[in-house]
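Per full-length UniProt numbering, the very first residue in the sequence shown carries number 1; after that it's consecutive.
All residues carry an ideal CB built from backbone N, CA and C; glycine is no exception.
Please read these numbers as outputs of a predicted model, since none were measured by experiment.
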Amino acid sequence: MNIARDRITAGVLAGGRGRRLGGVDKGWYRLDGQPLITRTLARVAPQCAAAVISANRSLARYRALGHRVVPDDGGDFDGPLAGIAALLQAAATPYVLIVPVDTPALPLDLAARLGAALHASADLAVASCAGRTQPLHALLRRELLADLEAARADGVRAVHAWHRRLTCVSVAWPDCDAFANVNAEADARVIAARL
């Protein structure tokens, strides 16, 4: 089904530890001179009605970008599910496009393609490439918040484990470079050479 842009909030996950990058806040890691958060917002915000950032440090700095910022409820690097819960809670639209802050080349048609694939009986649409699911690149119904909280209460900590409880539609992408993420300096060099 086609989901209008004004019914989707972009939810940016910016709460990781950045251990392999020396513990830096990944959103502020500079790739070719530009912070990852700036690159991510430039690609995803035009696809949606609004953008919300989930973070657990540098909150004032993120707010200065002009978007709503919410702390994940773990407050102590509690993992992506805590960030997703915070984003679903904060969204004012029926759909949330979840993306991580560290994929600087994410598709400019991510919301449109996932929205076109999401049918009435599915809970979410998730990107995939070369047979590999990209669980942090997904369009979710905001109403999944209650199920997510129940899953977390049951001890679920991995995004893919939560997705297994749901009805998912997988959307294949031909270009896997769109989902390449910056986890280490070596990743940054490879991705910067392609941008």
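Query: Mapping the DSSP letters down to three states, classify Y62 as helix, strand or coil.; Result: helix
Query: When the Cα atoms are used, what is the spatial distance from A146 to A172?; Result: 28 Å
Query: Less than 8 Å between C-beta atoms, sequence neighbours within five positions excluded: which residues of the same chain meet that for A4?; Result: none
Query: Looking at C-alpha atoms only, which residue of A14, A158, A92 is the closest neighbour of L59?; Result: A14
Query: Could you say if the stretch 171 to 185 and the stretch 141 to 158 meet the contact criterion of at least three C-beta pairs nearer than 8 Å?; Result: no
Query: My understanding is that L148 touches I84, with C-beta atoms under 8 Å, so please give their C-beta distance in whole angstroms.; Result: 6 Å
Query: Would you tell me roughly how many angstroms separate the C-alpha atoms of S54 and Y62, rounded to the nearest one?; Result: 9 Å
Query: What residues in its chain sit with their C-beta under 7 Å from that of A90, if we drop five residues either side in the sequence?; Result: V52, R68, V70
Query: Find out if the Cβ-Cβ distance for the pair T38, L106 is shorter than 8 Å.; Result: no
Query: So what does DSSP say about G75, is it helix, strand or coil?; Result: Residue placement at G75 is flagged as unreliable, the pLDDT there being 49, under the threshold of 50; the coordinate-derived value follows with that caveat. Three-state DSSP puts G75 in coil, outside helix and strand.
Query: What whole-angstrom Cβ distance do L88 and R142 have, given they're in contact under 8 Å?; Result: 5 Å
Query: How about residue 208 and L140: are their beta carbons less than 8 Å apart?; Result: Absent from the structure is residue 208, since the part of the chain shown begins at 1 and ends at 195.
Query: Are there 16 or more other CB atoms within 10 angstroms of the CB of R30, so buried, or fewer, so exposed?; Result: exposed
Query: Straight-line CA distance for T9 to I191?; Result: 26 Å
Query: For C176, count neighbouring C-beta atoms within 10 Å of its own C-beta (all shown protein chains included) and say buried if the count is 16 or more, exposed if not.; Result: exposed
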